[in-house]
Structure formats: structure tokens, C-alpha cells
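Before any comments, here is the structure.
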Amino acid sequence: MKHSSRSGLAAAALASLAVVTTTTTPAVAATPDEVAGGLVSPLSLAVDGDGTVVVAQNFGGVLTQLGPGSSRKDLVTLEGTEVGGVSVVDGVTTFVTTAMGPEPAAGLWTLEPNGEPVQVADLWAYEQEVNPDGGTRYGVKGLDRSCKRKVDKELRPLLAYDGIEESHPYATLVVGETTYVADAAGNSVLAVTDGEVSTVATLPPVKIGITKRRAKVMGLPGCAKGSTYKAEGVPTDVEMGPDGNLYVTSLPGGPEDPRMGANGGVYRIDLTTGEVSRYAGGLTSPVGLAIGPDGTAYVSMLFASVVMEQKFLQEPTVFAEVPFPGDVELHDGTVYVTETDLMGDPTAPGGRVLALTPDAG
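Residues in the sequence shown are numbered from 67 upward in steps of one, following my numbering.
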């Protein structure tokens, strides 16, 4: 694919979003306006062209439409099933579901004009059939035999293993007739076209050097210091860049909070070749990504409680401080973000959708 010079500059802007670990005072002041509150674990949102917001209350199994105006309507309610990964294009709502337990399930759905959900693809069946990361090796590399014997028996299977059959679709992106799905448990990005599922790419393992502190966090003996942990690459959001390629935020599998350090990143997937390259690193729990037409990127970092902004040829800055930000979307110059309230009382949900507009000057 031939890229214009503008696309190349936008890609370069994304590429410079690297080694972001700071949680200092925002360099860009952003004024938050509450779009809605009282939400249960809102981890995904989408904004349609007319400004209508659809938010997934993931663990509540509810998909909620906010707007037009101050209206609020629950579009889908599925008890016992996680609802998430919402996209809205030209009034058509797409989302994913996940069911854990003895009878796992994962699917891609759309809403009919009458409001009825229709399953477009069975993602769990695809995972069972293909298991995209089944040939990828994860675990701890570099332990000698004596050190391995000191590892708790419960943890020994995790020292070396191949990707298992597991699916947890987390984010979607609709481009024309294709829906891209970031499967967090499958460690892969999928494409669904006319109901047919295919693998776009599998994220590579994240190599993390084990320090004394990290060994303790992982429950490993002190002799593990100096070895390497090959963590699963967990995709959490997927967006199209101005260069026509996909950009994917990723957590490392295992402990996902800051105790292990800032090991998250952003990957670029070249859609012409399938090549996966790491475009940014040093991120703490990046779970949401939005990209403007000029390549300006916004990344929400869940446990760092910040939303970062990256403009072309500028240092990344803290755009806003938001407690446990989930998804982030950009619409008409406004940044929408979910405040997930992960540590709140589930009987009194405090999750919110916020609209953030940069202050003048």
C-alpha cells in the first residue's frame, strides 16, 4: 500500500508515543463534563456521527444508549454474560459478548432495526478450531533446574506453556464490511467479514526482565532474578490509523497493575503484510485508544488513572486525570472516556461517561 506524506507524518506521530510512565499534573488542561453516571463497570463506549453515545456496562451485561439530548435507553440486557466491545457506525450498533465458566461462549453481534440482537459470528467456536496463538510459547525463560524445583507446584505449569483455547473479545472496529475484534484472551486481532472469521495477527509475547521485586509479585523464588518472563500480549483496543493500518493497545498477561512496572504498549499491524511491530512501550495498563485524522492519539491507562495525548513531533502529555479510565473515543474534537469505578460498590454503581474538551490556552 502506498501512503501519502500526510499518512506517514501521522504514523510518525503515533510512533513517538513511547516510554510513557509519568502521572504528573496534566500538561493539557481538559474540562470534564459528565455525560452519564450510575453505570456498572463501563469499559467500552462508541460515539456515532450525530453524537449519540453507546456505552457497555460490561459486567452488568447491559448496553446503554445515551442521547440524543439527555435521554437514556438500555438497548441490550443479558444477565450472566459480559457485554462490551461496542462500535456504532451510521446508526448500526456492533458489540461482543463473553460468558465464562463451564460453558464458555464468545460472540460478535449487531442490533437489528427493531432492536433485536443478532449474532454475526461465533468467536469461541473459531478459537476452539484455530487457536491463533496455540503455537506461541509463554512463561519464564532462564531458570536452572535447582531454581525450578523451588517454584510452588501450583505455578510450575506457568513456567512454560503454549497459548490455550480461550476467548474474551474486548474491543471492535468496524471498517466497511469488516469488523476487527481485539480478543484479549486469545491474544489476537480477528477480522469478521460476512460472518466469516479470520486471524489478522497474533500479538507477540512481552519480554519482561524479572527483578527481585517482580519475582515476589509473581510468587517466584529469589533465584528467578535475572530470568525473563514471556508474558502474553493481550490486545485491549483496536483502531485504524491515517496510514490505513491497525493500531492496538496491549497489556502484558499476568499481573496487570503497576507492581510489575510499565510493560504495556501499542502495536502496529500492517494490513498488507500482517507484520506486527511494537510502536510504543513503557505504558501502564493501556486499555483504550483513539486516533484523530492527523494522527493525534489518546491512550487511556487504567491503573495509572490518566489519559495521555500524543501530538505530532511533541512529547506525550497527560491530557486528563480520570480514576480508572476505560475506553476512550474522539468525536468532533471532544474526547469521551469512561470512568470505570473498578474499586466502587457494585450495589451503588459509580461508573461514568465523561466528555473532555481541552481548555483554551
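By construction, the Cβ of each residue, glycine as well, lies at the ideal position given by its N, Cα and C atoms. Owing to the predicted nature of the structure, the values given are computational and were not obtained by experimental measurement.
- L111 and C213 have their C-alpha atoms roughly 46 Å apart.
- Take G115, set aside five residues on each side of it, and no residue of its chain has a beta-carbon closer than 6 Å to its own.
- In the DSSP assignment, Q376 falls within the beta strand (DSSP E) that extends over 372-376.
- Taking 4 residues as the minimum length, the alpha helix (DSSP H) runs contained wholly in the region 248-301 are 278-284, in order along the chain.
- Assignment of F390 by DSSP, reduced to helix, strand and coil, places it in the coil class.
- Collapsing the DSSP output to three states places S107 in coil.
- Annotated three-state conformation of V196 is helix, per DSSP.
- DSSP places M326 within a helical segment (H, G or I) once states are collapsed to three.
- DSSP links Y345 through a beta bridge to no other residue.
- When the alpha-carbon of G167 is set against those of W190, T160, D156, the nearest one is in W190.
- Contact check for V152 against V113 fails: the beta carbons are separated by 8 Å or more.
- Taking the Cβ atoms as the reference, I335 lies roughly 17 Å from L349, outside the contact range of under 8 Å.
- Inter-residue distance for D188 and V162 is about 10 Å (C-alpha atoms, whole angstroms).
- Between E341 and the set G392, M284, V255, V263, the nearest pair of CA atoms involves V255.
- Within a 10 Å sphere around the beta-carbon of A251 sit 16 or more other beta-carbons, which makes this residue buried.
- Rounded to whole angstroms, the Cβ separation of V154 and G127 is 19 Å, and the two are not in contact under 8 Å.
- In this structure, the alpha-carbon of V394 lies about 33 Å from that of G285.
- Residue range 363-367 is occupied by the beta strand (DSSP E) that includes S366.
- Within the same chain, Cβ atoms closer than 6 Å to the Cβ of E193 are found at E231, S233, G252, the five residues on either side in sequence being excluded.
- Restricting attention to L132, L269, G410, the CA atom closest to the CA of V419 is found in L132.
- Between the region 199-217 and the region 281-300, the count of C-beta pairs closer than 8 Å reaches three or more; the two stretches touch.
- Taking one beta carbon from each stretch, the region 302-320 and the region 357-366 have 3 or more pairs nearer than 8 Å; the two touch.
- Just so you know, the alpha carbons of T147 and T160 end up roughly 16 Å apart.
- When DSSP states are grouped into helix, strand and coil, K219 belongs to the coil group.
- Take the alpha-carbon of L109 and the one of N124: they are about 6 Å apart.
- With distances taken between CA atoms, T259 lies nearest to L239 out of L269, K139, T268, L239.
- Burial state of Y227 is exposed, judged by a 10 Å Cβ sphere holding fewer than 16 other Cβ atoms.
- In chain order, Y204, N253, G319 place their CB closer than 6 Å to the CB of E298, counting only its own chain and leaving out the 5 sequence neighbours on each side.
- Each residue's CA atom was taken as its position, placing E405 and R215 some 43 Å apart.
- In its chain, beyond the 5 residues on either side, T130, Q131 have a beta carbon closer than 8 Å to the beta carbon of K139.
- For S212, the secondary structure class from DSSP, reduced to helix, strand or coil, is helix.
- When DSSP states are grouped into helix, strand and coil, G126 belongs to the helix group.
- For T118, same chain residues with a beta-carbon under 8 Å away, outside a window of 5 residues either side, are Q131, L132, G133, P134, V154 in chain order.
- In the displayed model, L422 falls within a strand according to three-state DSSP.
- Closest in C-alpha terms to V365, from the list T339, G330, G399, comes G330.
- Of N180, G399, T143, the smallest CA-CA separation from A421 is found for G399.
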